[in-house]
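Notes for the one structure printed next.
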Amino acid sequence: MSQLAVPALILVAAATVGAGATPHAVLLRTAQEPVPSSLNECPSATLPDGDVCVHLPSDTTSAPETPEVSNAHHDRAGKYVVYDQIPRRPDRPADYDAYEYPIPPGMPGGRHVMSGYDLDQPDSRQRRGRHLSHVGHGGVDLPQKMGTPIRAIALEHQEGPSEVLFIGWLFGKTVITRHSLREGDRSRDYVLLFGHLDAPADGLVVGQQLADGDPIGTVGNTSSVDFVHLHLEARRVRDDIDLKKLAPGLLIANEVSVVCDPRNVLPLKAR
Ligand SMILES: [Zn+2]
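Heads up, the sequence shown is in this note's numbering, so the first residue is 162 and it goes up one at a time.
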């Protein structure tokens, strides 16, 4: 019998990763090519498996890292201030309505956001207050009726529950929660600030762990008498900061945490 029945091509690897991921490239090698015999003979990002090289699965547990960048503006006292901020990553939708929020939409057409993040913009394009005294906006303003319940929200790539870090007066009555997010190959702390509350939720205490949907408080107008809304702000905590040892007001200091476009961390709406 003939010995010519050797397949011209050998299917080497066609592994796929998690649902929705792109299938790995299929490696094709002719039977005549030498088969690698050691680690050194497999191309980078592959490993020998018996006598073939297989692609390593991509790391589906990591999320992109976003560096902070400097920007500057004239603050409310007219002083020129340089600050750090984390702009929206290009892979995140610009449309605010692509995201979930901790309160129902309060704008016509089922929209949430009246005023967005602008600390990535040049000074001249940042928000001005009526008396030109308030410059820039480090969060999103979500109008709603007085007393509307605000619910805890798990952020994109969050690991574990959220934790109540602060309840008190900062942006009017304010609650701050801490969230550990996977970023690159590590976990980083972010804080989410809920400002201008009518009141924090009954029984809410610092240190409490929160599941998605647990009550945070109610929408109000403290320190914002003319505008009932939720000010929602996300900040990434700098390395080597022990949040539990800080005076509450310092949580939002540039030296402690870097203000971040909330679209980087808010969960995308289910489609
Ligand atoms: Zn605001």
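The C-beta atom is built at its ideal place from N, Cα and C for all residues, glycine as well.
- According to the DSSP assignment, P361 belongs to the beta strand (DSSP E) that extends over 347–361.
- Within the same chain, H234, D279, V296, G297 come within 6 Å of Q287 by CB-CB distance, once the 5 residues on both sides are set aside.
- Non-local beta-carbon contacts of V242 in its own chain, meaning distances under 8 Å to residues more than five positions away in sequence, involve A233, H234, H235, D236 in chain order.
- For S341, the Cβ stays outside the 7 Å cut-off from all heavy atoms of ligand 1.
- Ranked by how close their Cα comes to the Cα of L326, the residues M307, S231, Q305, P361 have P361 in first place.
- Rounded to whole angstroms, the separation of the alpha carbons of L208 and H392 is 50 Å.
- Note that the C-beta distance between P428 and E317 is below 8 Å.
- Contact check for G381 against L358 passes: the beta carbons are separated by less than 8 Å.
- For Q246, the enclosing beta strand (DSSP E) starts and ends at 241–247.
- By the 16-neighbour rule on beta-carbons within 10 angstroms, V366 is exposed.
- Ligand 1 approaches S276 closely enough that one of its heavy atoms is under 7 Å from the residue's Cβ.
- Counting of Cβ neighbours within 10 angstroms places D252 among the exposed residues, the total staying below 16.
- Collapsing the DSSP output to three states places R250 in coil.
- Per DSSP, the continuous beta strand (DSSP E) segment holding N232 begins and ends at 230–235.
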